[in-house]
Amino acid sequence: MTSQRKITADDIAKAASVRRWDLAFPDKIEQRFEADTAPRRARVLAAVAIRTVVVYNVFLVGDALLVPDTIGLSLIVHLMLVTPWLIVAAALFRRALTPRQRNLMILSIPLTIVAGILWVFMASHSPLASHYQYFVVLVVMYANSAMRPSFGYALTVSATIVIAHGLACVLHPDMPAAASVTASFGLLVTIGVTLIANYYIERDLRRLYLLRLKDNLAAESLQRTADDLTRMSHVDALTGLANRRGVDNRVAALFAGSPAALRPFAVLMIDVDHFKGFNDQYGHPAGDRCLTLIGAAVRGALRDNADILGRYGGEEFVAILPDADLIDGIRAAERMRRAVERLGVPHARSEVGCVTLSVGVGTGSLGDAASLTAAIVAADAALYEAKAAGRNRIRPALPGRLPEGKPAQAA
-9 MTSQRKITAD DIAKAASVRR WDLAFPDKIE QRFEADTAPR RARVLAAVAI
41 RTVVVYNVFL VGDALLVPDT IGLSLIVHLM LVTPWLIVAA ALFRRALTPR
91 QRNLMILSIP LTIVAGILWV FMASHSPLAS HYQYFVVLVV MYANSAMRPS
141 FGYALTVSAT IVIAHGLACV LHPDMPAAAS VTASFGLLVT IGVTLIANYY
191 IERDLRRLYL LRLKDNLAAE SLQRTADDLT RMSHVDALTG LANRRGVDNR
241 VAALFAGSPA ALRPFAVLMI DVDHFKGFND QYGHPAGDRC LTLIGAAVRG
291 ALRDNADILG RYGGEEFVAI LPDADLIDGI RAAERMRRAV ERLGVPHARS
341 EVGCVTLSVG VGTGSLGDAA SLTAAIVAAD AALYEAKAAG RNRIRPALPG
391 RLPEGKPAQA A
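Okay, so the sequence shown: first residue is -9 according to this note's numbering, each after it adds one.
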């Protein structure tokens, strides 16, 4: 995408409804159109200019047959004037040109070629010279159809060529009047046909661009919606933390990124003490506000990007701390416990009069995917022990020690 200002569906609709003689879009769309199409247009024009060098110089055969008395001048015009300019133009087309500069460069090519043709035509006294000026018709066809300047510029170059050609025919001493009229009529018809073709080609290209832009806009909108839905499916709507699916995805990515390294990790199973009693005492809206506060407090106790935190269900949270051993996990759990305690959320059914946490801490190795399940089971069992020991405390799952009782239930 370009760095232009953001395009909206209304901008596209407005551009589609505008009818300008020069086919230009409103400014915002025109800038986007130019940014999107200019690089390819530059490559095409450069290639056309190089091919023109070959085709143009083949017409020296026509010079030799029709105006042999000025073949020396023809060689000078072809090889020393027009051909060098075509090569320069091919190089310039590949530079970053404004639309005006690019169109003026396009116009310079047919004007240069026509000037050369009319110069040779005016200098020749060959009896076949009247046929030589018909090469101007080919140049007009080439200019309006192959190089395709914007319609306004095509109109300008065509009018200029008509005037120059008409003057040359009138001023040439050996040009019969009937031949001049016929030549001018043929040129005007050619210009009319090629201008119509130029207009409709540019119009259709611009309409196609608007349709493509509209499709891209719709695709971007659908992608944003899909991204939002994916994000929503991985985020707990109440706390803004990851939900269980979000935690699972991040943990899977974490383990996938550590296939060989035996890096440690800590698992923290976190539960709000006496939360059912809090809901019964203060109501579910107050319970929701309490969980939101706790989620923010717990998040603040962890490393911003490295640690994984999510709501595991109900009033239970889980945290995965990469590159953390048991001591690191205990310290993080204690920071969480103190942060929630400092909130001072009143809780009449708690022994300490405010909302508190209990946390179980387990550990494992990132190089062993099976250790995650074991670490969660161990941390959950340690959480149960913390609850059984009086709540508002941390309990580590020490290696080699079997947990007592069963895993914690929400309470």
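Virtual Cβ for every residue (Gly too), placed ideally from N, Cα, C.
Span of the beta strand (DSSP E), counted from its first residue to its last, around residue i
{"i": "ALA256", "result": "254 to 262"}
{"i": "PRO386", "result": "384 to 386"}
Helix, strand or coil at residue i [DSSP, three-state]
{"i": "LEU94", "result": "helix"}
{"i": "THR42", "result": "helix"}
{"i": "ILE310", "result": "strand"}
{"i": "VAL330", "result": "helix"}
{"i": "THR353", "result": "strand"}
{"i": "VAL335", "result": "coil"}
{"i": "PHE15", "result": "coil"}
{"i": "VAL406", "result": "Because the chain spans -9 through 401 in this model, residue 406 falls outside it and cannot be assessed."}
{"i": "SER211", "result": "helix"}
{"i": "GLY247", "result": "coil"}
{"i": "ASP205", "result": "helix"}
{"i": "GLU24", "result": "helix"}
{"i": "GLU341", "result": "coil"}
{"i": "LEU87", "result": "coil"}
{"i": "LYS266", "result": "helix"}
{"i": "ARG10", "result": "coil"}
{"i": "LYS(-4)", "result": "coil"}
{"i": "ASP194", "result": "helix"}
{"i": "ALA398", "result": "Residue placement at ALA398 is poorly supported in this model, since its pLDDT is 43, which falls under 50; the coordinates still yield a value, given next. ALA398 falls in the coil class under three-state DSSP."}
{"i": "ASP30", "result": "The question names Asp, but residue 30 is Arg in the sequence shown. Here ARG30 sits in helix by DSSP."}
{"i": "LEU392", "result": "A caution first: LEU392 carries a pLDDT of 48, below 50, which makes its placement in the model unreliable, though a value can still be read off. Looking at LEU392 - three-state DSSP - the assignment turns out to be coil, as it is neither helix nor strand."}
{"i": "ASP315", "result": "coil"}
{"i": "ARG325", "result": "helix"}
{"i": "ARG240", "result": "helix"}
{"i": "ARG381", "result": "coil"}
Per DSSP, the bridge partner or partners of residue i
{"i": "SER348", "result": "ASP261"}
{"i": "ILE77", "result": "Paired residues: none, contrary to the question."}
{"i": "ILE298", "result": "ILE310"}
{"i": "VAL225", "result": "ALA232"}
{"i": "GLY303", "result": "GLU306"}
Host alpha helix (DSSP H) of residue i (start-end)
{"i": "GLU375", "result": "360 to 378"}
{"i": "GLY285", "result": "274 to 290"}
{"i": "VAL51", "result": "50 to 56"}
{"i": "ASP1", "result": "-1 to 7"}
{"i": "SER64", "result": "61 to 65"}
Segment contact flag, the region 24 to 43 with the region 72 to 90, C-beta cutoff 8 Å, min 3 pairs
yes
(Q) Does the region 343 to 353 come into contact with the region 222 to 232, if we say contact requires no fewer than three beta-carbon pairs (one atom in each stretch) closer than 8 Å? (A) no
*Any alpha helix (DSSP H) of 4 or more consecutive residues that is wholly inside the region 109 to 184*: 119 to 122, 125 to 131 and 141 to 161
Decide yes or no for the touch test of the region 327 to 342 against the region 239 to 259: beta carbon pairs closer than 8 Å, at least 3 of them.
no
If you pair each beta-carbon of the region 266 to 275 with each one of the region 369 to 389, do three or more pairs fall below 8 Å? no
- Message: Counting beta carbon pairs with one atom in the region 154 to 174 and one in the region 212 to 230, are three or more of them shorter than 8 Å?
- Response: no
*Inter-stretch contact (C-beta, 8 Å, three-pair minimum) for the region 101 to 109 and the region 141 to 160*: yes
- prompt: Is the region 39 to 52 close to the region 12 to 31, with three or more CB pairs under 8 Å?
  reply: no
- Task: Please determine if the region 53 to 67 and the region 3 to 17 are in contact, where contact requires at least 3 C-beta pairs separated by less than 8 Å.
- Result: no
### the region 300 to 308 in contact with the region 234 to 244 per 3-pair CB rule at 8 Å
yes
Answer yes if the region 312 to 326 comes into contact with the region 372 to 391, meaning at least three C-beta pairs across the two stretches below 8 Å, and no otherwise. yes
> Is the region 115 to 129 touching the region 172 to 191 in the sense that three or more CB pairs, one from each, lie closer than 8 Å?
Replying inline: yes
Would you call the region 111 to 123 in contact with the region 49 to 60, where contact means no fewer than 3 C-beta pairs closer than 8 Å? yes
For this session: Flag this pair as touching only if the region 137 to 149 and the region 184 to 194 have three or more C-beta atom pairs under 8 Å; answer yes or no.
Result: yes
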